[in-house]
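Trainee: Each residue of the sequence shown is one higher than the one before, counting from 2 in my numbering. Virtual Cβ for every residue (Gly too), placed ideally from N, Cα, C. Because the structure is a prediction, the values reported are computed rather than measured.
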Amino acid sequence: KLNGFPMGYCSVISGWSNTGKSTLKNCLIAACQRQCILPVIYETENNFDFKYAIDCGMQATPIYGDVEVEDVDEETGEVTVHTENRIIDYDGDFIYYDSSILAEMYGDMDYSSGKRVSKKRKIAVIEDIAYSMNEILDLQDEGEIQQPVCFIWDSVGSIPSFKSVASKTGNNMFDAGAISVAFNTLLNNRIPASRRINNPYTNTFVCVNKIWN
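#1: Tell me where the beta strand (DSSP E) around Ile208 begins and ends.
#2: For a test of the three-state rule: what should DSSP assign to Asp217, helix, strand or coil?
#3: Compare the C-alpha of Tyr91 against each of Lys52, Gly21, Ala125 and Arg122 and name the closest.
#4: Taking contact to mean 3 or more Cβ pairs, one atom from each stretch, closer than 8 Å, check whether the stretch 178 to 195 and the stretch 69 to 80 are in contact.
#5: Just reading off the beta strand (DSSP E) that Asp50 is part of, what are its end residues?
#6: Would you report the Cα separation of Ser12 and Ile153, rounded to the nearest angstrom?
#7: Pick from Thr203, Cys151, Val209 and Gly115: whose alpha carbon is nearest that of Ala31?
#8: Should Cys208 go down as buried or exposed, given a rule of 16 or more other Cβ atoms within 10 Å for buried?
#9: Taking buried to mean at least 16 other C-beta atoms within 10 Å of its own C-beta, is Leu140 buried or exposed?
#10: Are three or more beta carbon pairs between the stretch 19 to 29 and the stretch 44 to 58 nearer than 8 Å?
#11: Going by DSSP, which residues form a beta bridge with Leu39?
#12: What does DSSP give as the partner residue(s) for Ile64 in the beta ladder?
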């Protein structure tokens, strides 16, 4: 019986493991769809459970395709391959990114120079999410997206910054600095500015922050 997340602001879901963060996130996605708000899901922990999200009310249609499956004979060790029709994706009124999708789309971005390069990294970074969010808001400004947007990121701290990857070190100071710089305009301008009365769409940002021992 909570009032819900405030539209036009940044909210954080914080808690220990197995305390309901994913359930709350899934219910938020479902609520967005019911209110014609486009949920943009960033799942950088790479464990999004579509079936559970659907149980929580998310509207998503499974897409089936042929998948090659290997069977190993326990006695002989012989490997045989056959094809099975399985769920390979989901479709619906949402946009979904995981780490591999982010790396595929933005892996050629060099955030130290702000340019695209020929060598593509295989690791998603913090800056990819901010870049993607700005792209989507640009599409909204241009009329390509004609509905409010709710950005949902699970979770902060699950991917490194561009500088950490480039230097081949896991540096928490680099990552904290990257969040501050990459999301500054989004959190201090573009998201709150959408609350203005002359703005046709109010946009929201909700992120998950897991507590660690």
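Mentor: Judging by the given coordinates:
#1: What sits at residue 208 in the sequence shown is Cys, not Ile. Element bounds for Cys208: Thr205 to Lys211.
#2: Past the boundaries of the shown model lies residue 217; the chain is included only from 2 to 214, so the question cannot be answered.
#3: Lys52
#4: no
#5: Counting along the chain, Asp50 sits inside no beta strand (DSSP E), nor does DSSP assign it H or E at all.
#6: 10 Å
#7: Cys151
#8: buried
#9: exposed
#10: yes
#11: Val150
#12: Asp90
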